[in-house]
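**Q** As they're listed, the protein sequences go chains A and B. Going by our numbering, the first sequence opens with residue 785, and the numbers climb by one from there. Going by our numbering, the second sequence opens with residue 58, and the numbers climb by one from there.
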Amino acid sequence: MSRQMTGARMVVQALKDQGVDVVFGYPGGAVLPIYDEIFQQNDIRHILVRHEQGAVHMAEGYARSTGKPGVVLVTSGPGATNAVTGLTDALMDSIPIVCLTGQVPTFMIGTDGFQEADTVGITRPCTKHNWLVKDTNKLADTIHQAFHVATRGRPGPVLIDIPKDVQFATGTYSAPRETKLGHYQPKVKGDLARITELVALMEKAERPVFYTGGGVINSGPGASQLLRELADATGFPVTSTLMGLGAYPASGKNWIGMLGMHGLYEANLAMHGCDLMINLGARFDDRITGRIADFSPKSKKAHVDIDPSSINKVIHVDIPITGDVGHVLEDLIKVWKSRGRKVNKDGLAKWWSQIEQWKLKRCLSYKNSDKVIKPQYALQRLEELTRGRDRYITTEVGQHQMWAAQYLGFDAPNRWMTSGGLGTMGYGFPASIGVQIAHPDALVICVAGEASWLMNMQEMGTATQFRTPVKQFILNNERLGMVRQWQQLLHGERYSHSWSESLPDFVKLAEAFGWKGIQCSDPKDLDAAIMEMIDYDGPVLFDCLVEKHENCFPMIPSGKPHNEMLLGDASTEGAIQAGGAVLV
Amino acid sequence: MSALKIKKGASSHSAYDLRDPNAEVIGSHTLAVLVDNEAGVLARVIGLFSGRGYNIESLTVAEVDHEGHRSRITVVTTGTAAVVEQIKAQLGRLVPVHDVHDLTVEGPSVERELALFKVAGTGEKRVEALRLADIFRANVVDSTLESFVFEITGTPEKIDAFAELMRPLGLVDVARTGVAALARGA
Ligand SMILES: Cc1ncc(C[n+]2csc(CCOP(=O)(O)OP(=O)(O)O)c2C)c(N)n1
Ligand SMILES: [Mg+2]
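(1) Could you tell me which chain B residues have their CB closer than 9 Å to the CB of residue 1091/A, listed as they occur along the chain?
(2) Give a yes or no on whether 8 Å exceeds the smallest Cβ distance from residue 68/B to chain A.
(3) What are the residues that DSSP puts in a beta bridge with residue 947/A?
(4) The region 893 to 909 of chain A: which residues have C-beta closer than 8 Å to a C-beta of chain B, in chain order?
(5) Against residue 96/B, what residues of chain A qualify as contacts under a CB-to-CB distance less than 9 Å, listed in chain order?
(6) Determine whether the Cβ of residue 100/B lies closer than 8 Å to any Cβ atom of chain A.
(7) Quick one: is residue 1097/A near chain B, going by C-beta distance under 8 Å?
(8) I'd like to check one pair, residue 860/A with residue 812/A: are the Cβ atoms closer than 8 Å?
(9) For residue 139/B, decide whether its Cβ has a neighbour in chain A, counting only Cβ atoms nearer than 8 Å.
(10) Starting from the beta carbon of residue 933/A, find every residue of chain B whose beta carbon is closer than 7 Å, and list them in chain order.
(11) Could you tell me whether the Cβ of residue 110/B comes closer than 8 Å to any Cβ of chain A?
(12) Would you kindly work out how many angstroms separate the C-alpha atoms of residue 884/A and residue 945/A, rounded to a whole number?
(13) Does the beta carbon of residue 86/B come closer than 8 Å to any beta carbon on chain A?
(14) Across which residues does DSSP place residue 830/A in a beta bridge pair?
(15) Any C-beta of chain A sitting closer than 8 Å to the C-beta of residue 7/B?
(16) Is residue 1210/A a contact residue of ligand 2, with contact defined as CB to any heavy atom under 7 Å?
(17) Compare the C-beta of residue 63/B against all C-beta atoms of chain A and say whether one is closer than 8 Å.
(18) Give me, in chain order, the residues of the same chain whose beta-carbon lies closer than 6 Å to that of residue 1094/A; leave out the 5 immediate sequence neighbours on both sides.
(19) Cutting at 6 Å between CB atoms, please list the residues of its own chain near residue 802/A, excluding the five before and the five after it.
(20) Please tell me whether residue 1346/A has its Cβ less than 8 Å away from any Cβ of chain B.
(21) How is the beta strand (DSSP E) around residue 1373/A delimited, first residue to last?
(22) With H, G and I counted as helix, E and B as strand and the rest as coil, what does DSSP make of residue 1210/A?
(23) Which residues in chain B have a C-beta closer than 7 Å to the C-beta of residue 967/A? List them in chain order.
(24) My output table needs one value for residue 1032/A: the three-state DSSP class, helix, strand or coil.
(25) Closer than 9 Å by beta-carbon distance: list the chain A residues that pair up with residue 235/B, in chain order.
(26) Would you mind working out which of 243/B, 171/B, 217/B sits nearest residue 165/B, comparing C-alpha positions?
(27) Quick check on the DSSP output: what are the complete beta strand (DSSP E) runs of length 3 or more inside the region 140 to 197 of chain B, in order along the chain?
(28) Taking residue 831/A as the reference, give the member of 1324/A, 1269/A, 1245/A, 1277/A with the closest Cα.
(29) May I ask whether a heavy atom of ligand 2 can be found less than 7 Å away from the beta carbon of residue 1234/A?
(30) I want to check one thing, is the minimum distance from the CB of residue 1207/A to the heavy atoms of ligand 4 below 7 Å?
(31) Nearer than 7 Å: is that true of the beta carbon of residue 1180/A relative to any heavy atom of ligand 1?
(32) So the candidates are 1250/A, 1346/A, 1316/A, 1344/A; which of them puts its Cα closest to the Cα of residue 834/A?
(33) Could you please give the first and the last residue of the uninterrupted beta strand (DSSP E) stretch that includes residue 246/B?
(34) With which residues is residue 1087/A paired in a DSSP beta bridge?
(35) Flag residue 904/A as yes when its Cβ comes closer than 7 Å to any non-hydrogen atom of ligand 1, and as no otherwise.
(36) Using 8 Å as the cut-off, can you tell me whether the region 1094 to 1109 of chain A makes contact with the region 979 to 986 of chain A, which would need three or more C-beta pairs spanning the two stretches below that distance?
This is the structure:
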């Protein structure tokens, strides 16, 4: 069923054939033929962003909340370079993105043509793979392959650079099923012998813990379901990385909270003290491990990951299992059941009573106030007033992000989008628009810091234009709060450039874009203000003036082991030596 | 084919020194990487090494299967066993990479490098250079009254040894291809 058509038309046809319903993009000279084709059809919706970085983050929000790849279309040169931060973000967090860039015509490549950039060169290290297509006959195949690569194995961003003459020229279109996808077929089934070894350890373990990550979410809802089944049947405690929140429900009985640098006391001590660590789709990131030499010294470790290069990269594990979390869990459960569903009941009972002891620390308690809004309180109220709704949360990067992870509960996967690996300020707002485009009727809230939020505030126009009723919940401390916290703890309270100076009047800013603006500074007014935000049928900019000097605890300073956690301001005196300041 | 020497201070500059100082010794490993011969594939491989702070001692690349569009990249790298495992895994996940073999640990292998040496001189030195070349089974591929170009193949160690001997005899220029290697046996 091959057909002749122009490269530009092929792009649109290939996207349709891949089931794409929305593209986030921004036009320019090198993609005009494609925009001309977009103009002449109605199947694919185009969301016109205000900056290409916004387009990629929107596509990320779309992808993470749907499980489908997000699609971006930008022009050559500055269009492509503006997309780089978003692509890097997607690479670090394993988000499937297909980014199409225009390029100067093939005969001009290498001449420093107008808006020419070496896009494949620039994006080689920040994509999973990229292509420069020089022949219209290969364009459709390349696009189909790109979708394959972006979504198979460990997902990630891919980029296709399409010179303008390739868009104009006519060639033969091939449909997805006519395309040879090449040898890229990552293995999804885990090795049964290894899985059985792990089951044997699970049967005996006295102090097991499931350490789950974004891989569970990326594996699809089935994996989350299997995790719940396994955790509930074995009674093992479950903790998760920032990226994995929602895979196991926060309301589930085995949930012990997030782990890591700002994770819960009980979760980090469980990691430190366990005798069997079962890593499901996480990657032993440095925010998780703290000092490597002291990381969970007494445990046997198993690691399930679809990316073999994640295994034994940072932490040596006893049972490496390469495979998709969902497939491995399925086999694991089968084997465990077939061997009689054994667990070490006595050991587990003792382990849980130990965990309960740790919980008594109430590590998330904070000193509330009736004069100023504490950021933690704001999030507790937000949680209370939105729980049970069809809710999606995105965040920016900083203290507010960590507090959001600590105080909001996620009972389902794909409901929490945050920039974990790259820590990209400016992610949350555009991501929330992407989520809302995918889920028009849902309540989509971006928990933001005032500084991060400003980094992509130009997207207000996008939200207005496309009627996305996103709620921007800004915890405004007039500080680069997380930076200020590190300066307080690590740099002798020298607050070098960590003030948010000259902030706009957020309410007026909202009104300027046709949004609703709300400002709240009194804890007594907070509930009503949040309800006003939720009930408003349109985008809202909520300027929540919070305590300016609150620190985020618990905190494991960089380079410290899990059991040297700071629980509050009192514990920080002299706790961090100069050596720690070298680490990021 | 060209030899490339890229030395980078590995992860010792990283804030997180992931290597156990007491871990096993750092060894030299020859990796054979079979790739699709597509645009940019070499840049991908080299970028991986420089981006992640791995060493490249030598690197050769050429198409080995024209119909199948396959190239073979031979990289000599150094690292502990764990680092080399990680290099293999990182290479393995590049989309155009089909296969990665660590020829140093996967069994016996043969390694060969080709080099060209230009040696200039007259009299005793010239005679001595020719005599040594004969011992090393180097061929004369160009000669003038004042110079020779020798062609030599062998292991990198043999070529190093030949270079040492030629230096005092008027060594002017060297071109080395870098290592090509294959596993022994069928
Ligand atoms: C693009 C980018 N630049 C710089 C940083 C470093 N950084 C991390 S958190 C932070 C402060 C964020 O301030 P704000 O958004 O107000 O959040 P808060 O910590 O105050 O809640 C900065 C500057 C970053 N993560 N991303
Ligand atoms: Mg702030």
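Beta carbons: idealized from backbone N, C-alpha and C, even for Gly.
**A** Result, derived from the coordinates:
(1) What you label residue 1091/A is simply residue 307 of the first sequence in a count that begins at 1. Residues of chain B passing the Cβ test: 146, 150.
(2) For this step, residue 68/B is matched to residue 11 along the second sequence. Residue placement at residue 68/B cannot be trusted, given a pLDDT of 36 that sits under 50; what the coordinates show is reported in the next sentence. Not one chain A Cβ lies under 8 Å of residue 68/B.
(3) For the purposes of this step, residue 947/A is identified with residue 163 of the first sequence, where counting begins at 1. Answer is 887/A, bridged to residue 947/A.
(4) 904, 905, 908, 909
(5) For the purposes of this step, residue 96/B is taken as residue 39 along the second sequence, with counting starting at 1. Result: 904, 915, 916, 918.
(6) Position 43 of the second sequence holds residue 100/B. Yes, its Cβ sits closer than 8 Å to a Cβ of chain A.
(7) In the first sequence, counting from the first residue as 1, residue 1097/A sits at position 313. Chain B, which has a Cβ nearer than 8 Å to the Cβ of residue 1097/A, makes this yes.
(8) Position 28 of the first sequence, counting from 1, holds the residue named residue 812/A. Position 76 of the first sequence, counting from 1, holds the residue named residue 860/A. Going by C-beta atoms, residue 812/A is nearer than 8 Å to residue 860/A.
(9) What you label residue 139/B is simply residue 82 of the second sequence in a count that begins at 1. Yes, its Cβ sits closer than 8 Å to a Cβ of chain A.
(10) As a position in the first sequence, residue 933/A is number 149, starting the count at 1. Residues of chain B passing the Cβ test: 152.
(11) Along the second sequence, one-based indexing puts residue 110/B at 53. Judged by the 8 Å Cβ criterion, residue 110/B is not in contact with chain A.
(12) Numbered from its first residue, the first sequence carries residue 884/A at position 100. Numbered from its first residue, the first sequence carries residue 945/A at position 161. Approximately 6 Å between the Cα atoms of the pair.
(13) Taking the second sequence and counting its residues from 1, one reaches residue 86/B at position 29. With 8 Å as the cut-off, residue 86/B does not count as an interface residue toward chain A.
(14) Looking up residue 830/A in the first sequence gives position 46. According to DSSP, which records beta bridges pairwise, residue 830/A is partnered with 807/A.
(15) Given a span of 58 to 243 for chain B in the structure shown, any question on residue 7/B remains unanswerable.
(16) Against the first sequence, residue 1210/A aligns to sequence position 426. For ligand 2, not one heavy atom lies less than 7 Å from the Cβ of residue 1210/A.
(17) One-based indexing of the second sequence puts residue 63/B at position 6. Confidence in residue 63/B is poor, its pLDDT being 36 and thus under 50, which makes the residue's placement too unreliable to answer from.
(18) As a position in the first sequence, residue 1094/A is number 310, starting the count at 1. Excluding residues within five positions, the ones whose Cβ falls inside 6 Å are 1067.
(19) Locating residue 802/A in the first sequence gives position 18, where the first residue counts as 1. Cβ neighbours of residue 802/A beyond the five flanking positions: 931.
(20) Numbered from 1 along the first sequence, position 562 holds the residue referred to as residue 1346/A. No, its Cβ sits nowhere closer than 8 Å to a Cβ of chain B.
(21) Because residue 1373/A is not part of the residues shown, which for chain A are 785 to 1368, the question remains open.
(22) Numbered from 1 along the first sequence, position 426 holds the residue referred to as residue 1210/A. Coil.
(23) Within the first sequence, residue 967/A is the residue found at index 183, counting from 1. Neighbours of residue 967/A on chain B, chain order: 155.
(24) Stepping through the first sequence from its first residue, residue 1032/A is reached at position 248. Coil.
(25) Within the second sequence, the letter at position 178 stands for residue 235/B. The premise fails here: residue 235/B is roughly 23 Å from chain A at the closest Cβ pair, so nothing lies under 9 Å.
(26) On the second sequence, position 108 is the one that residue 165/B refers to. Among 243/B, 171/B, 217/B, the Cα nearest to that of residue 165/B is on 243/B.
(27) 154 to 159, 166 to 177
(28) If you number the first sequence from 1, residue 831/A lands on position 47. It is 1245/A.
(29) Counting from one through the first sequence, the residue named residue 1234/A turns up at place 450. Correct: residue 1234/A has its Cβ closer than 7 Å to ligand 2.
(30) In the structure shown, ligand 4 is absent; the only ligands present are ligand 1 and ligand 2.
(31) In the first sequence, the residue the question calls residue 1180/A occupies position 396. Yes, the Cβ of residue 1180/A comes within 7 Å of a heavy atom of ligand 1.
(32) Residue 834/A sits at position 50 when you count from the first residue of the first sequence. When only C-alpha atoms are compared, the closest one is 1250/A.
(33) Outside the modelled stretch of chain B, which goes from 58 to 243, sits residue 246/B, for which no answer is possible.
(34) The sequence position of residue 1087/A within the first sequence is 303, counting from 1. Paired residue(s): 1063/A, 1104/A.
(35) Indexing the first sequence from 1 puts residue 904/A at position 120. No, since every heavy atom of ligand 1 falls outside the 7 Å radius drawn around the Cβ of residue 904/A.
(36) yes
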